[in-house]
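Per this note's numbering, the sequence shown starts with residue 1, numbered consecutively.
For each residue, glycine too, the CB sits at the ideal point set by N, CA and C.
To keep things clear, I will list the structure first and then write my remarks on it.
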Amino acid sequence: MREKNATKLGVLRMLKAAIMNAAIEKSGAQSQLNDADATQVIRKQVKQRQDSIESFEKG
């Protein structure tokens, strides 16, 4: 991230960690997720963030 955008960097790091955690849960530390599984993890993370935003806005 040469442009030093902290928000984008944080999001990418969070997604990478979530995907790595899902791979470990699925079948061990040396496994990798296929594209469909990775997409599912990303969608789950997006939904969690949207729910958090909604809860925050409600107060």
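Span of the alpha helix (DSSP H), counted from its first residue to its last, around residue i
| i | result |
| --- | --- |
| Gly10 | 6-27 |
| Ser52 | 35-58 |
Close Cβ partners of residue i (< 7 Å) along its chain, the five nearest in sequence each way excluded
| i | result |
| --- | --- |
| Ala23 | Ser31, Gln32, Leu33 |
| Ile42 | Leu15 |
Cut-off 8 Å between Cβ atoms - residues of its own chain near residue i, not counting five sequence neighbours on either side
| i | result |
| --- | --- |
| Gln45 | Met14, Leu15, Ala18 |
### Query
Are the region 49-58 and the region 28-40 touching by the rule of at least three beta carbon pairs closer than 8 Å?
Verdict: no, contact absent.
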